[in-house]
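Q: One structure, pasted below without further comment.
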Amino acid sequence: SQMAEDDDDDDPENRIAKKMLLAQIKANYSSG
Amino acid sequence: KETHVLQAENQKLFTEFVEYCSAHTEDCPEVMKFLHAKHAKASPEFLASVEFRNTLGRCLTRAQARRTKTFVYINELCTVLKQHSAKRRPTVTAV
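Chains as they are written, first to last, in my numbering: chain F, 244 to 275; chain C, 396 to 490.
Listed below in structure tokens is the structure:
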């Protein structure tokens with residue numbers, strides 16, 4: 244839910260970890 | 396024999412971690428797929444190790460205690476699994 248997402252985004256450490264994971268996933272897709 | 400026990404314990408803990416985190420990362424299902432991929436690529440020796448059991452146990456306990464940090468512990472586990480990837484390129488030591 245939107246509320247759950249807001250909760251996650253409230254935590255800076257969690258937000259950074261999420262971005263790092265998504266960046267790695269994107270890099271993996273790019274490299275094939 | 397002990398290795399098989401550890402392997403089974405670790406598999407159970409990993410499943411528990413995945414089930415817990417999947418419920419809290421519904422907006423990003425690709426993250427759990429990524430974790431599964433890293434787990435699949437990790438060396439069998441590491442997957443049956445005490446080190447992996449300790450890491451899993453710690454991540455699961457902390458993730459359950461601090462729901463707003465779910466991605467932090469998924470990221471930590473992915474990093475550890477990546478460090479023990481079976482497909483890691485060997486470091487060049489000979490000149």
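Even glycine gets a Cβ: it sits at the ideal position worked out from N, Cα and C.
1) Under a Cβ-count criterion, where at least 16 other Cβ atoms within 10 Å of its own Cβ denotes burial, should His419 (chain C) be classed as buried or exposed?
2) Which same chain residues, not among the five before or five after Lys433 (chain C), have their C-beta less than 7 angstroms away from its C-beta?
3) Round the Cβ separation of Phe412 (chain C) and Ala260 (chain F) to the nearest angstrom and send it over; I've been treating them as touching at under 8 angstroms.
4) Which value, in whole angstroms, describes the spacing of the CA atoms of Arg258 (chain F) and Ser444 (chain C)?
5) Secondary structure at Ser438 (chain C), three-state DSSP: helix, strand or coil?
6) Would you mind working out which of C:Ala458, C:Phe441, C:Arg453 sits nearest His399 (chain C), comparing C-alpha positions?
7) Suppose the cutoff is 8 angstroms on Cβ atoms and the five residues either side in sequence are ignored; what does the same chain contact list for Leu451 (chain C) look like?
8) Checking the sheet assignment: what are the DSSP bridge partners for Ser480 (chain C)?
9) Look up Cys454 (chain C) in the DSSP assignment and say whether it is helix, strand or coil.
10) Using alpha carbons as the reference points, say which of F:Ser274, F:Ala270, F:Leu265, F:Ser273 lies closest to Asp422 (chain C).
11) Thinking Ala481 (chain C) and Ala437 (chain C) are a contact (beta carbons under 8 angstroms), I'd like their distance in whole angstroms, please.
12) Under 9 angstroms, CB to CB, which of the residues in the segment 419-432 of chain C have a partner in chain F?
A: Let me spell this out:
1) Residue 419 (chain C) sits at position 24 when you count from the first residue of the second sequence. By the 10 Å Cβ count, His419 (chain C) comes out buried.
2) Counting from 1 along the second sequence, the entry for residue 433 (chain C) is found at position 38. The residues are Cys473, Leu476, Lys477.
3) Residue numbering aside, residue 412 (chain C) sits at position 17 when the second sequence is read from its first letter. Residue numbering aside, residue 260 (chain F) sits at position 17 when the first sequence is read from its first letter. About 15 angstroms; that fails the 8 angstroms criterion.
4) Residue 258 (chain F) sits at position 15 when you count from the first residue of the first sequence. Residue 444 (chain C) sits at position 49 when you count from the first residue of the second sequence. Arg258 (chain F) and Ser444 (chain C): Cα-Cα distance of roughly 30 angstroms.
5) On the second sequence, position 43 is the one that residue 438 (chain C) refers to. In the structure shown, Ser438 (chain C) sits in coil (DSSP, three-state: anything other than H, G, I, E or B).
6) Residue mapping note: residue 399 (chain C) aligns to position 4 of the second sequence, counting from 1. Comparing Cα-Cα distances from His399 (chain C) to each of C:Ala458, C:Phe441, C:Arg453, the minimum goes to C:Phe441.
7) The residue given as residue 451 (chain C) occupies position 56 in the second sequence. Here the set comprises Asn405, Leu408, Phe409, Phe412, Leu472.
8) Locating residue 480 (chain C) in the second sequence gives position 85, where the first residue counts as 1. When beta bridges are read from the DSSP output, Ser480 (chain C) appears opposite C:Ala437.
9) For this step, residue 454 (chain C) is matched to residue 59 along the second sequence. Helix.
10) Counted from its first residue, the second sequence places residue 422 (chain C) at position 27. Ranking the options by Cα distance to Asp422 (chain C), first place goes to F:Leu265.
11) One-based indexing of the second sequence puts residue 481 (chain C) at position 86. One-based indexing of the second sequence puts residue 437 (chain C) at position 42. Taking the Cβ atoms as the reference, Ala481 (chain C) lies roughly 6 angstroms from Ala437 (chain C), within the contact range of under 8 angstroms.
12) His419, Thr420, Glu421, Asp422, Cys423, Glu425, Val426, Lys428, Phe429, Leu430, Ala432
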